[in-house]
Amino acid sequence: MHFDPNGHLEEPVGLFQREDGSTSSVLKEEYRHMFEHSASSSFFAYLPLYFWQQVLHETNNYASVNAIPIKKPFTMHELMSFFGLLFYMEVTVKGEYANYWGRQAEDSIFGASGVDLENVMHLKRFKHLRQALSSEVKFLWRHCSEIQQQEFVAC
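For the record, in the sequence shown the residue sitting at position 52 is 144 according to the working numbering, with numbers rising by one throughout.
Here it is in structure tokens:
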């Protein structure tokens, strides 16, 4: 196999057609809520919950084994908030992490009120989660692959 970064493949045709002849994507009503909230919720909807549960388990395990000083294990809500904060930080560039937490000097100079991420997650907790974030990639992808194969066979 040869990888060519400038390579081009034609899109496949005729892979799927509905009974009415259409080929457009349709979102089932029972899943619509997963995609309407925000762009990040749409992103997370593509990765199964068991994937995130395993990431959370591995992260808490890593924190325990490596003596990261947390008083209580991380929660799924904190993990999702962490990724939401990373998205926000990528869109709103302020440099160092500390610039996103607490009142900033420029707020009083310009009379502005910036977004204080302390209400979402404390900076120390954010740093601990960043330090502990871990996943056993081989296990996760092998597990996801097995589930996908089972779902494919069941179709």
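For every residue, glycine included, the Cβ atom is placed at its ideal position computed from N, Cα and C.
Can you list, in chain order, the residues of its chain whose CB lies under 6 Å from that of Met126, leaving out five sequence neighbours each side? Excluding residues within five positions, the ones whose Cβ falls inside 6 Å are Ala137.
Compare the Cα-Cα distances from Val212 to each of Tyr180, Gln223, Leu119 and Val105 and report the closest residue. That would be Tyr180, whose Cα lies nearest to the Cα of Val212.
Span separating the alpha-carbon of Cys247 from that of Leu119: Any reading at Cys247 must be qualified, since the residue scores a pLDDT of 37, below 50, and its modelled position is unreliable; no value is offered.
Cβ-based burial, Phe166 [other Cβ within 10 Å; buried from 16]: By the 10 Å Cβ count, Phe166 comes out buried.
Could you work out which residue in Asn158, Leu171 and Lys163 is closest to Phe143 when comparing CA atoms only? Looking from the CA of Phe143, the closest CA among Asn158, Leu171 and Lys163 belongs to Leu171.
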